[in-house]
Amino acid sequence: MHLLTELQSLAESREDFMALLGHELRNPLNAIAGASQVLERKVDGGPIGEVVDMLGRQTAFMRRLVDDLLDVARLERGKLVLELEPVDAAVLVREVVDDFRVAANDREVVLDAEIPAGAVPVRADRTRLAQMIANLLDNAAKFGEGHPIQLTVRQRDQEVAICVRDQG
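Shown next as structure tokens:
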């Protein structure tokens, strides 16, 4: 019984640490993001503009990592709440794909996306759905480097399937 109590205490300490770490990382990250936005407005292209663009992309990437870390802490505490709302999955996936293509510009990534031209209505947590798709694309690019990635959005009756296929 003592071992079980000790394990539970360690798990709680870990959860507290993860939550604290996520919040502590967010503060300097917000300052970097703000400075990056100021630079974007003041720099017009060229080599410095490319560095500023990269800074913005990497800041967004780090923000997603911190958000993921906080989500894990919320999930472990049973406090992750989904905000369900009507979402056009086609529009959402196009936005994620556009962001991914910009972020993956440095890598040799070929993404073939099949997204219906019309609306694809779903009831979902917009932020979490975008996060899941972005994570799947990032993993496909990371672990299937040099291989094409296929993303499809299909609607069947009342169901929507979003599939990411890779070689990784």
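Counting from 0, one number per residue, gives the positions in the sequence shown under numbering that gives the first Met the number 0.
Every residue gets a Cβ at the ideal spot worked out from N, C-alpha and C, and that includes glycine.
Label Gly45 either buried or exposed according to how many other C-beta atoms from any shown protein chain fall within 10 Å of its C-beta, with 16 as the threshold for buried. exposed
Going by the DSSP bridge assignment, what does Asp87 pair with across the sheet? Pro120
Between which two residues does the alpha helix (DSSP H) harbouring Ala103 extend? Run containing Ala103: none; DSSP gives neither H nor E here.
Straight-line Cα distance separating Gln157 from Val65: 34 Å
State the CB to CB distance for the pair Ile148 and Ala140, rounded to an integer number of angstroms; the pair is presumed to be in contact (CB under 8 Å). Taking a contact as a CB-CB distance under 8 Å, the pair Ile148 and Ala140 counts as one, their CB atoms being some 7 Å apart.
Going by the DSSP bridge assignment, what does Ile161 pair with across the sheet? Val152
Give a yes or no on whether the C-beta atoms belonging to Val119 and Ala89 are separated by under 7 Å. yes
Where do the ends of the beta strand (DSSP E) carrying Arg113 lie? First, the residue type needs correcting, since residue 113 is Glu and not Arg in the sequence shown. Here the beta strand (DSSP E) through Glu113 covers Leu110 to Glu113.
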